[in-house]
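Visitor: Below is a structure I'd like to ask you about.
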Amino acid sequence: MKGECIVNYIVYSGELDIRKGGPAGYIANLQKGLNNIQEDKIRIISKKNLGNVISGKSRFDFLRSIIGKSDFMVEMLSMKKFVHNRDSSIANELNLIEFTENDVVHVHSVLDYLILKKYNIRANVILTPHTPESISEELVEAAKFKFRNTRLTLEKYKRKIKLIEEMAFEECDHFIFPSKESMEIFSTFIEGFNKKMENKNIYFNLTSCDKLTYNLNKNEFKEQFNITEDKFIISYVGRHNRIKGYDLFVEMAKKVYEIDENIIFIVGGTGEIESDSSNIIDIGWTNDPGSIINTSDIFVLPNRNTYFDLILLEVLSIGTPVVASNTGGNKTVNSMTNGVALFENGNVEELVSIVLELKCKKDVLIQMKEDNLNCYQNNFTLNHFASRYNDILSKINEFN
């Protein structure tokens, strides 16, 4: 087996999208970085971008309302999509490859690890998980949202996904995480996580991203949304749900309004939590988060749990000062720049106190912005990302 040509693969059953978080954005950013440094020895297998596909939306909405009444039907369809037929988008490509035991295959989901088992791929497997909660919880909540029925239990589906997750963490020998702090969350939902990791080969590579762009400058953005020059702007971009801490953000906005009506809050994203505070301008889903972030005086990242949030890195690339919860990858970035202030996870009073204090310290905000720009340039560019990744693969290939 020694002397055989080693091939490195990244296998992802979804579609790459450099603007998304999770595997789709991670791999897309890595791919661009690898192209930048002219590294062509890594083959990425993913779903091809088919452009805009017209779907019978109104018909599907009608069917969804009927199917969503049945746990059995939702479980059956979810298992078919996310487990049994997960490989359908990459099956042709996988069937054409003769994998060897010396090859290195990197997956970014425990469900994609199951694909490797389905195809009996015996290679050196790297797992990089991306969820700040068990994927079983994430998929169940997604199904409830999709089928518009919060009363669904989906217990069988949840148990099956959980078994796959536990198996992947047990069987994979190599793991890549962004940082040591980003690993903390997994001990809350992977049984015996810390013990399991004692016998694994663990590598760290700070997740990175392309510099975030924006369509509107500050004056144009303020004019479009009728924001006067004297307003102090605090922003949030992301899903409006509990794990992202959006309820904490809304609570903060309400408390701040009682103290300082000159502060307004701009948010982008969607989710089940309403933006029910009179000082919040909710733009909804946007393909231009950069314009929000660039116009802001402070960006708030209030996650209850986090892995290594892509949006934080995008904010660094623009320089906007950040106030983030003291959890996961937020702690890593805080140790690298003075431009990210931390508040105790879930402590709205402390969050309010920090943003009010920073509003009065314009010189501090200017320095925070400079620190964030330097931190991004020195650590989080795509070239840094790709070069570190290459170094890790070289170390893993030495095992062969």
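When we follow the working numbering, the leftmost residue of the sequence shown carries the number 166, and every step to the right adds one. C-beta atoms are modelled at their ideal positions from N, C-alpha and C, and glycine is treated no differently.
(1) Does DSSP classify residue 495 as helix, strand or coil?
(2) Return yes when the Cβ of residue 530 is within less than 8 Å of the Cβ of residue 462, no when it is not.
(3) What are the uninterrupted segments assigned as alpha helix (DSSP H) that are 4 or more residues long and contained completely in the stretch 354-419, given in chain order?
(4) Going by beta carbon distance, what residues of the same chain come within less than 6 Å of residue 447, once the five residues before and after it are set aside?
(5) On the three-pair Cβ rule with 8 Å, is the stretch 511-525 touching the stretch 546-563?
(6) In angstroms, rounded to a whole number, what distance separates the CA positions of residue 528 and residue 507?
(7) Flag this pair as yes or no: are the beta carbons of residue 259 and residue 192 separated by less than 8 Å?
(8) Taking the beta strand (DSSP E) that residue 178 falls in, what are its first and last residues?
(9) Indicate the three-state DSSP secondary structure (helix, strand or coil) for residue 292 in the structure shown.
(10) Pick out whichever of 410, 456, 376, 422 has its Cα sitting closest to the Cα of residue 489.
(11) Roughly how many angstroms lie between the CA atoms of residue 491 and residue 509, to the nearest whole one?
(12) Can you tell which of 279, 368, 457, 203 has its C-alpha closest to the C-alpha of residue 382?
(13) Alpha carbon to alpha carbon, what distance is there between residue 322 and residue 359?
(14) What first and last residue would you give for the alpha helix (DSSP H) that runs through residue 430?
(15) Can you look up residue 463 in the DSSP assignment and give me helix, strand or coil?
(16) Among the residues of its own chain, which have a CB less than 8 Å from the CB of residue 414, if the five just before and after it don't count?
(17) Relative to the alpha-carbon of residue 226, which residue among 197, 261, 314 has its alpha-carbon at the smallest distance?
(18) Considering only DSSP beta bridges, list what residue 339 is partnered with.
(19) Excluding the five sequence neighbours on either side, which residues of its own chain have a C-beta within less than 8 Å of the C-beta of residue 450, listed in chain order?
(20) Between the stretch 534-546 and the stretch 370-378, do at least 3 Cβ pairs fall closer than 8 Å?
(21) Report yes if the C-beta distance between residue 472 and residue 296 is below 8 Å; otherwise report no.
(22) Looking only at its own chain, which residues have a Cβ that is under 6 Å from the Cβ of residue 566, when we skip the five neighbours before and after it?
(23) Using CA coordinates, which residue listed in 347, 298, 419 is at the minimum distance from residue 356?
(24) Is it buried or exposed for residue 496, if we count other Cβ within 10 angstroms and need 16 for buried?
(25) I want to check one thing, is the minimum distance from the CB of residue 532 to the heavy atoms of the ligand HEM below 7 Å?
(26) Which residues in the same chain have their Cβ closer than 7 Å to the Cβ of residue 308, if we skip the five residues on either side of it in sequence?
(27) What are the boundary residues of the alpha helix (DSSP H) that includes residue 316?
Guide: On the basis of the coordinates in this document:
(1) helix
(2) The Cβ atoms of residue 462 and residue 530 lie closer than 8 Å to each other.
(3) 358-362, 383-389
(4) 432, 440
(5) no
(6) Rounded to the nearest angstrom, the two C-alpha atoms are 19 Å apart.
(7) no
(8) Residue 178 -> beta strand (DSSP E) spans 173-180.
(9) For residue 292, the secondary structure class from DSSP, reduced to helix, strand or coil, is strand.
(10) Taking each of 410, 456, 376, 422 in turn and checking the Cα distance to residue 489, the smallest one comes out for 410.
(11) About 5 Å.
(12) The residue among 279, 368, 457, 203 with its C-alpha nearest the C-alpha of residue 382 is 457.
(13) 26 Å
(14) Taken as a continuous stretch (DSSP letters only), residue 430 belongs to no alpha helix (DSSP H), being part of the beta strand (DSSP E) at 428-433.
(15) strand
(16) 401, 430, 432, 465, 467
(17) Between residue 226 and the set 197, 261, 314, the nearest pair of CA atoms involves 314.
(18) 291, 366
(19) 433, 434, 435
(20) yes
(21) yes
(22) Given a span of 166 to 565 for the chain in the structure shown, any question on residue 566 remains unanswerable.
(23) 298
(24) Residue 496 comes out buried.
(25) Inclusion of the ligand HEM in the displayed structure is not the case, the ligand content being empty and no account of it being possible.
(26) 239, 243, 317, 319
(27) Taken as a continuous stretch (DSSP letters only), residue 316 belongs to no alpha helix (DSSP H), as it is neither H nor E.
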